[in-house]
Amino acid sequence: MDDIQYYDDKEYDYLSNMIFAPDSKRTDYDTSIADRCYPMTNEFLDEIMKPSYINLKNKRVATVGSSGDQALNAILYGAKDITVIDANPYARAYIEYKIALFKNYNYHTAMSIMENQRTFMWTVYSRLSHDLSRPVREFWDKIMLEQEHFDTRTRKITDFDYLMIYISTMHLAPHHAKISYYSNEKTYNELKRKLLAGDYDIEYKTADVFDFPDKLSGKYDYIMLSNILDYVDHDKFESTVDSLYNKNLNPNGKIQVYYEMKNRWKTFEDRGYFANYMPELVTCHWGTRAAIINKPNIDNEMQA
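FYI, the numbering used here numbers position 115 of the sequence shown as 102, with every residue one higher than the one before it.
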């Protein structure tokens, strides 16, 4: 945990009080922490990560944190070196928790826990905490041990879920899940097997998106930026992508620069983003699309 001190008092107090004090407001705390995590992705990641689209076996992947599903899918499809980089300093705590949940519960129990907003119940935590890294375990210990002190008249344990992650019925119901290990027991078991085997490296970094090129180490085969473009300055984001392309992307690599949800007020083409790269637009389910920049193989370019 080189990039963040989880136990800076102002950040811990913010999270603790938001959970236990019903009148607490984000503006009451001098902290720059980001919003809550998402329990599941709302992107159809299989369409842009499956072997028929990109071979991730033994490859390096850098991805935003959020729900952790990009990282988990990368592991499922054989990536060996994953960097999770996100502005939310709690992303690592949530993603490690989710990985430990999958490692310690079978498919049906894990889905039931998530659907019924029992993710942060003490009984669940006590079963999976041994699979957390030491700093993350200490972080959750501090939260969990305070459960005995909160006022049950105003808070209940299941409040943890909607205070720490964005809760949505659409996100949590397996039949609405956008990637296969939520809706397919066989795929879940394959992911669980790989998580238990541990034949991968995962590194966590906390950084603003515009600092990604400087925070990432070396070159990657796939860089996944979700729909960050919707929330940041477009010109600065395009400049950041230029830096990632030139500094952090291997030949034959890909950068997912956008995920376009259905019925956006203006299409990706109309906006004219990344026109110099001529992004590939991958059509996913429900009318959504992913915009992918492909970096050519230098040798192939020279031969052409």
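We put the CB at the ideal spot given by N, CA and C, even for glycine.
Going by the CB atoms, is the gap between residue j and residue i shorter than 8 Å?
{"i": "Tyr260", "j": "His221", "result": "yes"}
{"i": "Asn91", "j": "Asp128", "result": "no"}
{"i": "Val48", "j": "Ser213", "result": "no"}
{"i": "Asn237", "j": "Asp208", "result": "yes"}
{"i": "Ser167", "j": "Asp33", "result": "yes"}
{"i": "Arg124", "j": "Ser116", "result": "yes"}
{"i": "Ala66", "j": "Tyr187", "result": "yes"}
{"i": "Ser54", "j": "Thr28", "result": "yes"}
{"i": "Glu30", "j": "Tyr175", "result": "no"}
{"i": "Phe197", "j": "Lys181", "result": "no"}
{"i": "Gln243", "j": "Ile35", "result": "yes"}
{"i": "Lys241", "j": "Asn281", "result": "yes"}
Out of curiosity, what's the CA-to-CA distance linking residue i and residue j?
{"i": "Ile189", "j": "Ala61", "result": "10 Å"}
{"i": "Ile279", "j": "Asn233", "result": "15 Å"}
{"i": "Leu85", "j": "Leu43", "result": "According to the sequence provided, residue 85 is Lys. The question's Leu does not apply to it. Roughly 22 Å separates the two Cα atoms."}
{"i": "Asn284", "j": "Tyr40", "result": "16 Å"}
{"i": "Thr275", "j": "Asp73", "result": "23 Å"}
{"i": "Leu268", "j": "Val228", "result": "17 Å"}
{"i": "Trp273", "j": "Asn45", "result": "31 Å"}
{"i": "Gly185", "j": "Leu132", "result": "29 Å"}
{"i": "Phe57", "j": "Leu203", "result": "The sequence shown places Gln at residue 57, not Phe. The alpha-carbon atoms of Gln57 and Leu203 are separated by roughly 17 Å."}
{"i": "Thr193", "j": "Pro26", "result": "19 Å"}
{"i": "Ser226", "j": "Ala262", "result": "13 Å"}
{"i": "Leu178", "j": "Lys37", "result": "14 Å"}
{"i": "Ser113", "j": "Ile130", "result": "13 Å"}
{"i": "Asn239", "j": "Pro200", "result": "18 Å"}
{"i": "Val111", "j": "Leu88", "result": "8 Å"}
{"i": "Arg121", "j": "Cys271", "result": "39 Å"}
{"i": "Tyr77", "j": "Phe107", "result": "14 Å"}
{"i": "Asn103", "j": "Glu83", "result": "20 Å"}
{"i": "Gly205", "j": "Leu59", "result": "21 Å"}
{"i": "Phe126", "j": "Asn75", "result": "15 Å"}
{"i": "Asp257", "j": "Met101", "result": "38 Å"}
{"i": "Pro266", "j": "Met98", "result": "36 Å"}
{"i": "Asp195", "j": "Tyr81", "result": "18 Å"}
{"i": "Thr254", "j": "Leu183", "result": "41 Å"}
{"i": "Val71", "j": "Trp109", "result": "27 Å"}
Mind checking which residues open and close the alpha helix (DSSP H) that includes residue i?
{"i": "Val123", "result": "Arg121 to Leu132"}
{"i": "Thr96", "result": "Tyr94 to Glu102"}
{"i": "Ile215", "result": "Where Ile215 is concerned, there is no enclosing alpha helix (DSSP H), given that its DSSP letter is neither H nor E."}
{"i": "Ala87", "result": "Ala78 to Asn91"}
{"i": "Tyr112", "result": "Trp109 to Leu115"}
{"i": "Ala61", "result": "Asp56 to Leu63"}
{"i": "Arg47", "result": "Element bounds for Arg47: not the alpha helix (DSSP H) but the beta strand (DSSP E), Arg47 to Thr50."}
{"i": "Pro292", "result": "Shown here, the chain extends from -12 to 291; a query on residue 292 therefore has no answer."}
Could you tell me how far apart the beta carbons of residue i and residue j are, in whole angstroms, since I believe they sit closer than 8 Å?
{"i": "Arg79", "j": "Tyr191", "result": "4 Å"}
{"i": "Ile215", "j": "Leu231", "result": "Their Cβ separation, rounded to whole angstroms, is 12 Å, which puts Ile215 and Leu231 out of contact at 8 Å."}
{"i": "Tyr94", "j": "Glu172", "result": "4 Å"}
Could you pull the start and end residues of the beta strand (DSSP E) that residue i belongs to?
{"i": "Pro238", "result": "Leu236 to Glu247"}
{"i": "Asn233", "result": "It is not in any beta strand (DSSP E) - Asn233 carries neither H nor E in the DSSP assignment."}
{"i": "Ile69", "result": "Asp68 to Asp73"}
{"i": "Glu30", "result": "From DSSP, Glu30 is part of no beta strand (DSSP E); its letter is neither H nor E."}
{"i": "Thr174", "result": "Segment Glu172 to Ala184 is the alpha helix (DSSP H) holding Thr174; no beta strand (DSSP E) there."}
{"i": "Asp208", "result": "Tyr207 to Met211"}
{"i": "Asp188", "result": "Asp188 to Thr193"}
{"i": "Arg276", "result": "Arg276 to Asn281"}
{"i": "Thr254", "result": "Note, Thr254: premise wrong, no beta strand (DSSP E); not H, not E."}
{"i": "Val196", "result": "Val196 -> no beta strand (DSSP E), and no H or E assigned at all."}
{"i": "Leu268", "result": "Glu267 to Thr270"}
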